[in-house]
Every structure is written in C-alpha cells, then in structure tokens.
Amino acid sequence: MKNRISWRVATVSSARWETASARTLVLDVPDWPGHLPGQHIDVRLTAEDGYTAQRSYSIASAWTPAPSATGAGSAGAPGTVELTIQRLDDGEVSPYLTDVVEPGDQIELRGPVGGWFVWREKQTAPVLLIAGGSGIVPLMAMIRARGEARGRQPFRLIYSVRTPEDAAYADELRLRVRENPGLDVHFVYTRKAPDGWPTPPKRIDVAAINSHGWPPDFQPDCYVCGPTSFVETAADILVALGHDPKRIRTERFGGA
Amino acid sequence: MGIISRGFGGRRRESLPGLPPGQYLTHDFPVLSAGPTPRIPLDRWKFTITTETGEKHSWDWKEFTALPAEEFTVDIHCVTKWSKLGTTWKGVALDTLFEDVESAADYTMAHSYGGYTTNVPLDDLLEGKAWLVYEFDGEPLHPEHGGPVRLLVPHLYFWKSAIWVNGLQMINEDEPGFWEAGGYHMYGDPWREQRYQGD
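Protein chains in written order, with our numbering: chain A, 554 to 809; chain B, 8 to 206.
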C-alpha cells in the first residue's frame with residue numbers, strides 16, 4: 554500500500570502541441586501501476602539547488618494496465634502516461650512543462666490519485682461529459698478508454714471553448730466520432746464560432762445541455778470538469794433539469 | 008532530494024512563514040467539491056451532534072445563530088497545494104457546541120448535505136481549534152464555499168473542513184470518510200505533508 558503512492562521518475566519520450574498553449578507530454582514510467590481515466594497525478598520538479606514545486610495534473614491517456622509478470626512479452630514493459638498541460642502565464646510549473654521540457658528530460662511523479670472522478674468500463678449507464686477549456690483532459694481519458702475497450706456505452710461530450718483554435722484533441726475527436734459508434738461531440742464556442750456555425754458565440758446554457766446531453770430519465774452518469782464558475786453553472790443546470798445530484802461528479806480547477 | 012529537472016529554476020514564489028512545505032500562495036479562493044452545490048434553505052437547515060450511544064443534540068438556524076460567535080483570522084491549506092493566508096471568518100467554536108455533550112469517543116465523522124463525509128479526531132475539534140462558520144470576510148458564506156455553514160479545522164488540510172456540514176457523529180474507532188476511503192491521509196497535517204495514505 555505504501556509504495557502505491559511513492560514518487561517515480563518519469564522520462565519524457567515525446568511531446569506535441571494540442572493548441573497554441575496546451576502541450577501533451579508522453580512519459581515513460583517504467584514501474585507505472587496503471588490508472589483509471591479521470592485520475593490525476595502529482596508532478597514534482599526539483600531545481601539544482603534543491604528547490605521544489607509540486608502540482609496536480611489530470612491524466613489524459615486511457616488506462617494502462619499494470620504490467621503483468623506473465624504478460625505476453627510485456628513483462629516489465631514501461632508504462633506510459635500522457636499529460637496535457639495548459640500554460641498559465643503567471644504559473645510556476647506549467648510554463649516549464651509547456652515551454653522548457655524536451656524529450657529525454659526527467660520529472661518526478663506519483664499517483665494515480667483519486668477514485669471518485671473516474672469512469673470504469675463496467676459502468677453501463679449512458680455518460681454525459683461536460684468540459685470547460687482544459688477540463689477536457691480527464692474526460693478525454695474516458696473517451697479514449699471507451700474507444701480502446703470498444704465500449705458501447707452511449708457517450709456525449711459537450712465541450713466549451715473560446716474559439717475553434719482553443720479546442721484540444723480536435724482532430725482525434727473528429728476521428729473518434731467516426732470510428733467509435735455511440736460517441737457524440739458538441740462544441741460550445743464562447744468567443745468566436747467557426748464560419749457557418751448556426752448560433753452566435755455564447756456561454757454554456759440550459760438549451761445546450763438540454764439539446765446535447767441526455768434526458769434525466771436515462772439516468773446518465775455526468776462528469777463536469779473545468780474552471781469553478783463553469784462547473785457551478787453546468788452542474789446547477791443539470792440539477793435544475795432533473796438529474797440526480799448523486800450522478801453528477803465534478804472536478805473544479807484553479808490556477809498556477 | 009529528488010532528481011533534478013533540467014532547466015527548472017522555479018519562480019521562487021513567496022516563501023512565507025505561514026506556508027507549509029509544498030504549498031503555494033493563492034489570493035483567490037478555489038472551490039473543491041465532488042458534486043453539484045446544494046442549496047439549503049435556512050428554515051430547513053439543522054445541525055446535529057450524535058454521540059456513540061445515539062444521543063442527539065440539534066440546533067436549527069435560529070438556535071445556532073443565537074450561540075456566542077467568534078470572529079477570527081486563520082490560514083487555510085488545500086491538499087491540491089494552494090494555501091490562503093489570513094482568512095477571516097465568523098462562527099461558533101466547537102467547544103460551545105460540545106458543552107453539554109457527554110461522550111467517551113475519540114473520533115468524529117462529519118456529515119454534509121449532499122452526502123460528503125470526513126473523519127476528524129475529537130481532540131482536533133476542541134480547545135479553540137475548530138469552528139462551524141457562517142460568514143467569510145464579513146459576508147454570509149456563499150454556497151460554493153460550503154454555505155450556509157461549513158466546518159473549519161484550519162490546522163488540517165482543507166478537505167477536513169467539511170462544506171455544507173449538517174452533523175457530527177461520535178465514533179469509537181477511526182473510520183475513513185469520503186476522500187480518505189479514496190486514498191487520502193486519515194489525519195491530514197499540512198505541515199507534515201500528510202496528503203495520501205502512507206505519507
């Protein structure tokens with residue numbers, strides 16, 4: 554139990570930009586125990602003089618099963634964890650992870666942490682995911698996990714972004730909507746909509762959640778992640794529409 | 008010391024005496040909770056201490072706000088690494104609520120509207136260490152931050168300060184609450200960085 558949550562050394566194997574300010578780091582973690590979509594990790598950075606800083610980040614990748622001792626050729630194979638980090642201009646850790654880190658560099662992490670804001674393959678209820686900005690990250694892990702497990706649970710994602718350029722994973726989401734039956738994605742644009750979009754930019758509202766979510770009597774499992782005010786609004790709308798508060802899981806994030 | 012991350016200098020944010028290890032200072036007030044914010048009408052609000060023998064001590068809103076209250080300023084520390092220094096609250100000390108409670112139990116489980124629970128040893132609630140608060144910064148406590156009433160145990164990580172609190176159950180043996188059952192530390196001392204099980 555004690556080792557479950559010890560610090561591990563992770564090596565950056567590759568990195569890619571998702572938007573102009575969000576970057577995905579692919580990390581090799583040789584003794585990674587596996588995780589569930591929705592869980593997060595703590596990252597620890599240490600400067601040469603011993604100064605350290607820690608932050609929590611949601612995991613973006615689908616689960617990785619623990620390497621099995623008898624696994625077909627994969628015994629001891631390195632685990633992989635992907636993080637998508639949104640740069641906060643006044644942050645201490647995120648600008649380092651987006652702008653400085655390069656493949657080959659090492660950071661420390663521990664986890665996975667959290668057993669509440671997670672989706673498990675055995676859940677059979679329809680799922681409604683509501684993301685505000687970089688709140689998409691743990692929800693993307695759920696979409697990927699469903700896709701990789703060829704899950705048939707009906708999934709709907711409502712993804713609120715300022716402009717089309719701010720949407721992370723846009724190409725992958727388009728691909729998954731085609732290739733993963735039962736997955737629907739609806740974008741809400743708050744500042745600038747793409748050309749030809751039927752409605753002017755607006756914040757997430759009752760109409761968006763009513764039209765693109767599930768009716769409450771379908772008893773969906775709802776996951777809402779984003780900045781505090783966004784989560785408050787979306788969760789309040791779900792409750793007002795008649796969703797059972799016990800089926801609404803929320804994750805709010807602040808800055809830094 | 009951990010491995011060194013190449014090129015990481017850190018911003019050397021405020022290193023203040025009030026800041027526990029691993030924490031950074033925030034000036035806003037982030038919200039952390041697991042579900043939607045319940046709205047509790049004051050005429051339906053009630054707080055109950057239940058002893059290990061089942062004896063109940065309850066206060067409705069009128070009775071509760073008639074109790075002697077204190078205004079005080081403390082630092083708060085969230086397990087997600089933010090700390091907020093010098094926050095001002097108004098509320099009733101748990102000492103006041105426990106005046107007529109007879110109990111031999113050493114532990115409590117706090118219960119909230121919405122179903123949240125968290126365990127706190129009784130010693131950590133008494134002798135001026137904890138309050139039930141209903142004002143923050145001179146204003147009624149906003150529902151987002153646990154209003155109308157939250158528990159405030161500032162010397163422990165903030166998840167112990169149950170929002171929307173409605174009761175304390177006295178228990179003889181320590182039991183995990185909501186986050187503790189999910190791997191968080193049973194006690195949660197920020198100065199000893201007791202974030203997760205095994206810390």
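Don't be surprised by glycine CBs; every beta carbon is placed ideally from N, CA and C. From a predicted model like this one, the values you see are computed outputs, not experimental measurements.
Item: Let me know if A:Asp643 comes out buried or exposed under the rule of 16 or more other beta-carbons within 10 Å of its beta-carbon.; Value: exposed
Item: Which of the residues in the segment 32-47 of chain B, read from start to end, lie with their CB under 8 Å from any CB of chain A?; Value: Thr33, Asp35, Pro37, Val38, Leu39, Ser40, Ala41, Gly42, Pro43, Thr44 and Pro45
Item: In angstroms, rounded to a whole number, what distance separates the CA positions of A:Arg597 and B:Val172?; Value: 33 Å
Item: Between A:Gly779 and A:Gly688, which are expected to be in contact by the criterion C-beta below 8 Å, what is the C-beta distance as a whole number of angstroms?; Value: 3 Å
Item: Could you pull the start and end residues of the beta strand (DSSP E) that A:Asn763 belongs to?; Value: A:Asn763 -> not in any beta strand (DSSP E); alpha helix (DSSP H) instead, spanning Val759 to His765.
Item: Cβ of B:Leu139 within 7 Å of Cβ of B:Val127?; Value: no
Item: Within this structure, are the beta carbons of A:Val784 and A:Val792 separated by less than 7 Å?; Value: no
Item: At the level of alpha carbons, what is the spacing between A:Tyr604 and B:Leu159?; Value: 31 Å
Item: Report the rounded CA-to-CA distance for A:Asn733 versus B:Ile10, giving the unit in angstroms.; Value: 41 Å
Item: Taking only beta carbons into account, state which residues of the segment 191-204 of chain B come closer than 9 Å to chain A, listed in chain order.; Value: Tyr191, Arg202, Tyr203 and Gln204
Item: 7 Å is my cut-off, CB to CB: does B:Ile83 come that close to chain A?; Value: no
Item: Please look up how many angstroms separate the CB atoms of B:Ala100 and B:Gly135, rounded, as I've assumed it's under 8 Å.; Value: 6 Å
Item: Please specify which runs of the alpha helix (DSSP H), each continuous and at least 4 residues long, are wholly inside the segment 736-804 of chain A, giving them in chain order.; Value: 759-765 and 781-793
Item: Might you give, ordered along the chain, the residues of its own chain that have their beta carbon closer than 6 Å to the beta carbon of B:Lys63, omitting 5 neighbours on each side?; Value: Thr55 and Thr57
Item: Flag this pair as touching only if the segment 25-45 of chain B and the segment 84-100 of chain B have three or more C-beta atom pairs under 8 Å; answer yes or no.; Value: yes
Item: Just the chain B side, please: which residues come within less than 7 Å of A:Trp669 by C-beta, in chain order?; Value: Ala41 and Gly189
Item: Assuming B:Val81 and B:Glu151 form a contact by the criterion Cβ under 8 Å, report the distance between their Cβ atoms to the nearest whole angstrom.; Value: That pair is no contact at about 19 Å.
Item: To the nearest angstrom, report how far apart A:Ser559 and B:Gly205 are at their CA atoms.; Value: 9 Å
Item: Which residues in the same chain have their Cβ closer than 8 Å to the Cβ of A:Val653, if we skip the five residues on either side of it in sequence?; Value: none
Item: When you compare only the Cα positions, how much space is there between A:Ala615 and A:Met693?; Value: 8 Å
Item: In the DSSP assignment, find the unbroken beta strand (DSSP E) run with A:Arg709 in it and report its ends.; Value: Phe708 to Val714
Item: Tell me which same chain residues have a C-beta within less than 8 Å of the C-beta of B:Ala112, skipping the five on either side of it?; Value: Thr58, Glu59, Leu129, Met177, Ile178 and Asn179
Item: Could you give the C-beta distance for A:Ile757 and A:Ala787, rounded to a whole number, given that I count them as a contact under 8 Å?; Value: 6 Å
Item: Pull up the distance between the alpha-carbon of A:Pro583 and that of A:Pro656, whole angstroms please.; Value: 16 Å
Item: From A:Pro768 to B:Arg13, what does the alpha carbon distance come to, in whole angstroms?; Value: 50 Å
Item: What's the call for B:Pro197, buried or exposed, on a 16-neighbour Cβ count within 10 Å?; Value: buried
Item: For B:Asp206, report the span of its beta strand (DSSP E) as first-last.; Value: That residue, B:Asp206, is in no beta strand (DSSP E); it is neither H nor E in DSSP.
Item: Could you tell me which residues DSSP pairs with A:Gln639 in its beta bridges?; Value: A:Ala575
Item: Could you tell me whether the Cβ atoms of A:His588 and A:Ser611 are closer together than 7 Å?; Value: no
Item: Let's see if you can read the secondary structure: which residues bound the beta strand (DSSP E) around A:Leu598?; Value: His593 to Thr599
Item: Mapping the DSSP letters down to three states, classify B:Ile11 as helix, strand or coil.; Value: coil
Item: When DSSP labels each residue in this structure, what does A:Trp532 get in the three-state scheme?; Value: With chain A covering 554 to 809 only, the question about residue 532 of chain A has no answer from this structure.
Item: In the DSSP assignment, find the unbroken alpha helix (DSSP H) run with B:Glu187 in it and report its ends.; Value: Phe185 to Ala188
Item: Determine the direct distance from the alpha carbon of A:Val666 to that of A:Leu736, and round the result to whole angstroms.; Value: 27 Å
Item: So which residues on chain A does B:Thr87 lean against when the C-beta distance must stay under 7 Å?; Value: Ser609
Item: To be precise: take each residue of the segment 725-744 of chain A, compare its Cβ to all Cβ atoms of chain B, and keep it if any distance is under 8 Å. Which residues remain?; Value: none
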